[in-house]
Amino acid sequence: MSLLRRFDDDERFDFEGVRRFERRICECLDAVVALGQPFQTSAEPGVPFAGVDVLAEAVQYGRDALTADPARAFARTFVLTSIAGEDTVRAALLALKQSPPYTYRAQAEAFVLSPNKALGPALRKLARDDDPLVAGLALDTLARRDEVEIGVVLPLVEHPVEEVRLGAIAALGRAKEHRAAAQILIDICDQELDDDIFVEAVEGLITLGYRAGLTRLRERLDEEEAERGVLPEQLRMRCMQLLGMAGNAGDYARLLQLYYGDVGQALALGFHGHPALVAELIAALDSSREGGLYLGRRGMRDAARALFRITGAPLFQERPSGQDPYDIVTDQRVWLDWWGSNEERFEPTVRYRYGKPFSLLSSVEELARDRAPFGVRAACARELSLYDLPERVSVTAFVRDQEQKLSVLRDFLTNDVVAADPKFAPGRWLTLLR
Numbered sequence: 031m032s033l034l035r036r037f038d039d040d041e042r043f044d045f046e047g048v049r050r051f052e053r054r055i056c057e058c059l060d061a062v063v064a065l066g067q068p069f070q071t072s073a074e075p076g077v078p079f080a081g082v083d084v085l086a087e088a089v090q091y092g093r094d095a096l097t098a099d100p101a102r103a104f105a106r107t108f109v110l111t112s113i114a115g116e117d118t119v120r121a122a123l124l125a126l127k128q129s130p131p132y133t134y135r136a137q138a139e140a141f142v143l144s145p146n147k148a149l150g151p152a153l154r155k156l157a158r159d160d161d162p163l164v165a166g167l168a169l170d171t172l173a174r175r176d177e178v179e180i181g182v183v184l185p186l187v188e189h190p191v192e193e194v195r196l197g198a199i200a201a202l203g204r205a206k207e208h209r210a211a212a213q214i215l216i217d218i219c220d221q222e223l224d225d226d227i228f229v230e231a232v233e234g235l236i237t238l239g240y241r242a243g244l245t246r247l248r249e250r251l252d253e254e255e256a257e258r259g260v261l262p263e264q265l266r267m268r269c270m271q272l273l274g275m276a277g278n279a280g281d282y283a284r285l286l287q288l289y290y291g292d293v294g295q296a297l298a299l300g301f302h303g304h305p306a307l308v309a310e311l312i313a314a315l316d317s318s319r320e321g322g323l324y325l326g327r328r329g330m331r332d333a334a335r336a337l338f339r340i341t342g343a344p345l346f347q348e349r350p351s352g353q354d355p356y357d358i359v360t361d362q363r364v365w366l367d368w369w370g371s372n373e374e375r376f377e378p379t380v381r382y383r384y385g386k387p388f389s390l391l392s393s394v395e396e397l398a399r400d401r402a403p404f405g406v407r408a409a410c411a412r413e414l415s416l417y418d419l420p421e422r423v424s425v426t427a428f429v430r431d432q433e434q435k436l437s438v439l440r441d442f443l444t445n446d447v448v449a450a451d452p453k454f455a456p457g458r459w460l461t462l463l464r
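Right, here's the structure in full:
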């Protein structure tokens with residue numbers, strides 16, 4: 031079952047299908063737990079039968095396969111940590127430490143979903159484990175559960191193993207002690223030579239709302255613009271996406287200079303929303319031009335999606351199944367005709383999302399949209415996390431949890447007082463206030 035909860039970036043998120051599947055998981059869990067209760071048979075009334083030892087059975091289930099199985103590890107951890115009490119958490123953590131590392135990711139997913147209140151304190155202790163992989167798992171899980179305490183994370187910021195350092199720095203970006211965490215992250219940005227750690231620290235600063243992170247991000251991207259290859263490809267894409275979501279109107283030129291047509295880069299331009307990006311994205315659809323970009327099929331798709339994200343142009347591919355907001359025409363001539371007729375209605379001082387002045391509600395509604403690609407949903411959740419909002423949406427949480435939080439955000443953003451707040455005004459880019 032755990033394997034079926036994993037999504038590729040291009041996979042469409044079917045709310046009803048996932049909801050049915052998650053309901054099935056919970057029903058199976060209820061059935062397993064019920065086996066632990068004493069029961070009687072109707073054939074022999076009055077003769078009690080002892081319940082099954084659910085904890086022992088769950089632990090044994092994780093060991094029964096011929097080889098260690100991540101799916102079984104998920105099931106074991108999910109069952110154990112869904113039952114209240116410290117003993118169930120201890121059993122799950124002991125099983126974790128006795129299992130091979132390639133099952134850790136599956137177990138981490140189960141920890142994130144767990145409702146057990148004893149898990150947070152146990153994970154904080156686990157973050158000090160001598161095994162760096164175990165410590166890293168604990169840090170990542172604490173961050174995803176929003177249970178980070180800076181006192182736990184701080185000693186691990188200078189850990190000799192890079193994976194643990196990265197986990198600690200990422201966790202600082204979720205810390206409730208904003209000021210202390212930000213100062214640590216600023217020091218890391220100013221002293222760190224490792225690109226992965228630098229980018230993690232910058233993203234943490236921006237997530238905490240500090241302009242210092244955006245300043246350092248621009249500086250590093252300017253270095254990349256001057257000498258391509260300063261940043262590895264994946265980090266460059268990540269930085270571009272972060273700038274696209276957190277930058278201001280003037281950052282469109284920087285994004286254009288960095289846009290080489292690589293997969294994921296067009297998403298940064300689409301989320302930024304400046305109308306000056308449209309012409310270059312349309313030009314990129316012509317891969318035959320001399321000196322032009324060669325996007326490939328996926329790059330063309332990404333560029334068309336970015337164009338639609340900014341303009342809202344109803345240029346959908348004709349399909350028997352109907353219109354799909356993520357299946358956009360890639361024919362440059364069609365886009366040139368449309369833009370020629372509509373360009374004048376787009377103002378250079380306004381951030382656009384689907385042809386309208388940008389509003390955070392658009393990201394909330396996209397997260398609630400059925401059959402949106404998982405990678406796009408993750409990007410929307412990341413964008414929302416950069417704002418001071420009452421809820422943080424995780425795209426890997428149970429559907430019911432996601433829908434409840436989206437409802438809270440929808441009510442918050444449509445509240446008259448919030449709607450009148452200048453920082454939430456339509457068409458504005460993000461303003462970092464610290």
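Counting in the numbering used here, the sequence shown runs from 31 upward without gaps.
Backbone N, C-alpha and C fix where the C-beta goes; we use that ideal spot for every residue, glycine too.
The model shown is predicted, which means the values in this text are computed figures rather than measured ones.
Partner residues in a beta bridge of F404, as assigned by DSSP, do not exist. Listed in chain order, the alpha helix (DSSP H) runs fully inside the stretch 214-267 are 225-237, 241-256, counting runs of at least 4 residues. R383 is bridged by DSSP to K386.
If you look at I312, you'll find it in the alpha helix (DSSP H) that goes 307-314.
In this structure, V229 sits away from A201, with a CB-CB distance that is not shorter than 8 Å.
F346 sits in a strand when the DSSP states are folded into three classes. Per DSSP, T133 lies in no alpha helix (DSSP H) segment and is marked neither H nor E.
DSSP links I180 through a beta bridge to no other residue. Proximity of the stretch 148-168 to the stretch 434-453 falls short of the contact definition, fewer than three beta-carbon pairs being nearer than 8 Å. In this structure the stretch 259-268 does not lie against the stretch 367-382, because fewer than three pairs of beta carbons, one per stretch, are closer than 8 Å.
Under the DSSP assignment, W369 falls in the alpha helix (DSSP H) whose first and last residues are 362-372. By a beta-carbon distance limit of 8 Å, V425 contacts R407. Their separation comes to about 5 Å. Judged by their CB atoms, F338 and I312 are not nearer to each other than the 8 Å cut-off.
Excluding the 5 residues flanking it on each side, L126 has same chain C-beta neighbours closer than 6 Å at Q137, in chain order. Distance between R458 and F141, taken at the CA atoms: about 38 Å.
For a cut-off of 8 Å, the C-beta gap from M275 to R158 is around 34 Å, too long to register as a contact. Taking the Cα positions, Q90 is about 19 Å away from R135. Put simply, of R174, L223, K386 the residue whose alpha carbon is nearest the alpha carbon of G203 is R174. Between the alpha carbons of L143 and D441 lies a gap of roughly 25 Å. Judged by beta-carbon spacing, R209 lies beyond the 8 Å limit of L251, meaning their Cβ atoms are not closer than that value.
In the three-state reduction of the DSSP assignment, F43 falls in the strand class. Our two residues, R464 and V178, have alpha carbons roughly 21 Å apart in a direct line.
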